[in-house]
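Residues 302 to 390 (my numbering) are what the sequence shown spells out, left to right. Glycine included, C-beta positions come from ideal geometry on N, C-alpha and C. Note that this is a predicted model, so its numbers are computed, not measured.
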Amino acid sequence: TDSLLFHVIVEDAPDVGTVTVRIGLNAPEPPAEPKFTATIKFDDLEAARSGDINPQMLFMGGKLRMAGDYSRALQLAMQLMQKAQAGQL
């Protein structure tokens with residue numbers, strides 16, 4: 302399975318400001334250099350986490366910004382949505 306190396310930059314997090322989360326799926330360690338980066342404000346991330354808004358709405362509204370080659374991330378997101386709809390998550 303291919304690895305998925307990316308960073309999520311969370312802006313305006315309470316008490317800490319901007320936080321960068323390094324994520325490496327199927328990788329031995331989180332990447333120093335990501336294949337893509339997603340940037341989102343803390344409040345928008347919390348709204349998505351609680352189900353008040355979905356990632357597609359955030360992206361289309363410009364609240365979830367992506368940079369780099371995020372085509373693999375979109376494939377993963379579609380797979381996760383299909384599993385969630387099928388009750389497999």
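For Leu375, count neighbouring Cβ atoms within 10 angstroms of its own Cβ and tell me buried if that reaches 16, exposed if not.
With fewer than 16 Cβ atoms within 10 Å of its Cβ, Leu375 is classed as exposed.
So, at 8 Å on beta carbons, what are the nonlocal neighbours of Ala328 in its own chain, with the 5 sequence-adjacent residues on each side left out?
The beta carbon of Ala328 sits closer than 8 Å to the beta carbons of Ser304, Leu305 and Leu306 from its chain, once the five residues preceding and following it are set aside; these are given in chain order.
DSSP has Glu312 in a bridge; who is on the other side?
According to DSSP, Glu312 bridges with Lys342.
Report all residues from its chain with a CB closer than 8 Å to the CB of Asp296; omit the five preceding and five following residues, and keep chain order.
The structure shown does not extend to residue 296, since the chain is modelled only from 302 through 390, so no value can be given for it.
Roughly how many angstroms lie between the CA atoms of Ala387 and Thr338, to the nearest whole one?
Answer to the nearest angstrom: the Cα atoms are 28 Å apart.
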